[in-house]
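Participant:
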Amino acid sequence: MKLIRDVIAEKTLRELITISPTAPIVEAARLMSLWNVGALLVLDGSALVGMLSERDFVRAVAVSDPLDGRRVEEIMLRDVRVVPSELTTDECMMLMTHLRLRHLPVTERGQVLGVISIGDLVKDVVSEQAFVIEQLERYISRAPLS
């Protein structure tokens, strides 16, 4: 079982993609598109004050006039759940499933280390299962016939 810090370390995109709460929503959409991410960390200075996801955009569009001229802080999630980097992938997957989350900021010593997505966890599980299958196939192919 892997620690979530190990999954973060293996990600191809290690840079934190952040935005200010006062930034225009259009800028957030541009950043998400440019970096091909489904969520942004919202930082006020170095403090995590929110998170903005594709879901937040959809909800905002569904209940509001056009988003032109509006700011990130108007639609971001303010009560952000974070997890320590010492959690296992299984613990994170259970938490994300239970809370119906797609993205979780991961912290270490009070600092945001990265963001884990449900896709990152699924990729890790698939990789781990492929490894187990490969080992079992090797074991079976070496076993003497009875």
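Quick note on numbering: the sequence shown equals residues 369 to 514 in the numbering used here. Idealized CB from N, CA, C, for every residue including glycine. Given the structure is predicted, the values throughout are model-derived calculations rather than measurements.
Does DSSP put ALA391 in a helix, in a strand, or in coil?
Facilitator: DSSP places ALA391 in coil when its eight states are reduced to three.
Participant: Which of helix, strand or coil does DSSP assign to MET369?
Facilitator: It is coil, neither helix nor strand.
Participant: Between which residues of its own chain and GLU422 is the CB-CB distance below 8 Å, once the five residues before and five after are set aside?
Facilitator: The answer, listed in chain order, is MET400, GLY406 and ALA407.
Participant: Quick one: Cα of ILE486 to Cα of SER509, how far?
Facilitator: ILE486 and SER509: Cα-Cα distance of roughly 34 Å.
Participant: What is the DSSP secondary structure of SER453, counted as helix, strand or coil?
Facilitator: SER453: coil per DSSP, three-state reduction.
Participant: Have a look at THR465, LEU455 and VAL394 and flag the residue whose alpha-carbon is nearest the alpha-carbon of ILE376.
Facilitator: The candidate whose alpha carbon is nearest that of ILE376 is LEU455.
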